[in-house]
Each structure stands twice: as structure tokens, then as C-alpha cells.
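Under our numbering, think of the first position of the sequence shown as 1129, with each following residue one higher. From the three backbone atoms N, C-alpha and C, an ideal C-beta is built for every residue, glycine too. Working notes, beginning with the structure itself.
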Amino acid sequence: MDNCIFCKIINGEIPKDFELESENLVAFADINPSADIHILIVPKEHIGGIKDLNRSHDSLLSEIYEAVNKLVTENNLENDSYRVVVNGGKAQHVPHLHFHLLGGQWKKMV
Ligand code: AMP
Ligand code: ZN
């Protein structure tokens, strides 16, 4: 979608190192981390937010949590603290669905 910063990252218009990339999603470090480890998991499809999800996204959502598990392992978070956060409404600032993986010590609210 035009003018969407995450679509621009996904299509390479804005360069970004991906922690993980598959056919349907990418993961990259948050530019303004709220925790020791703060990774965004982002579907390649432009989905605005939680409100736009439906049953057609079932397998995408499973894939997202598979990616979370992979990133948890890769970042040695299994025995540390970690959370997955999805903001919506006024708490969501980038209108392209994304999942925050936050690990270790929290610095601030996402
Ligand atoms: P939210 O408030 O849930 O929409 O979160 C948006 C997140 O995207 C924030 O944590 C921002 O720091 C992060 N963010 C915005 N622009 C970029 C970017 N160019 N690269 C990485 N993270 C970004
Ligand atoms: Zn987008």
C-alpha cells in the first residue's frame, strides 16, 4: 500500500536487515526498542490491524507464532521473560498489522 512505512520496508524501498523472512512475513528490530530485545513480526500482506483479521488469516497467524517461537529460540529467551504485544486503536501508530516480541528487561510501554 502506498505511503505505508512497513510496506516500503517489505518491498525494499526502505532498506532493513531482516531477522527472518518467509513467503508471508518478515521480522526486523524495532527502531526505538522498548525492551532489551524488541523485534517486530510483520505480515507481507498489508493488513491494517487486528480489526481486519478474519478466518482467512488462520494460517498466517499460525505462521506468525511459529516465527515468534523461532525468534525466542534464536535470542535465547526461553528461560527469560518475553511477551508478544499487538496494539490497536489509538495505541497503534503504524497502520500495518505487526506483532511486537519483547524480551528481557522492559524499558517502556510499547
Ligand atoms: P505500534 O505503536 O504498535 O504501531 O508500533 C509501531 C512500532 O514501529 C514502534 O515501536 C516503532 O518504534 C516502530 N517503527 C516505526 N518505524 C520503524 C522503522 N522504520 N523500523 C523499525 N521500526 C519502526
Ligand atoms: Zn503496509
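Check, Outcome
"Ile1165 vs Asn1203 beta-carbon contact at 8 angstroms", "yes"
"Straight-line Cα distance separating Leu1225 from Lys1236", "21 angstroms"
"Where the alpha helix (DSSP H) through Val1200 begins and ends", "Asp1186 to Glu1202"
"Boundaries (first-last residue) of the beta strand (DSSP E) holding Ile1167", "Ala1163 to Pro1171"
"Contact shell at 5 angstroms, judged by CB to any heavy atom of ligand 1, ordered along the chain", "Asp1158, Ile1159, Asn1160, Asn1215, Gln1220, His1221 and Val1222"
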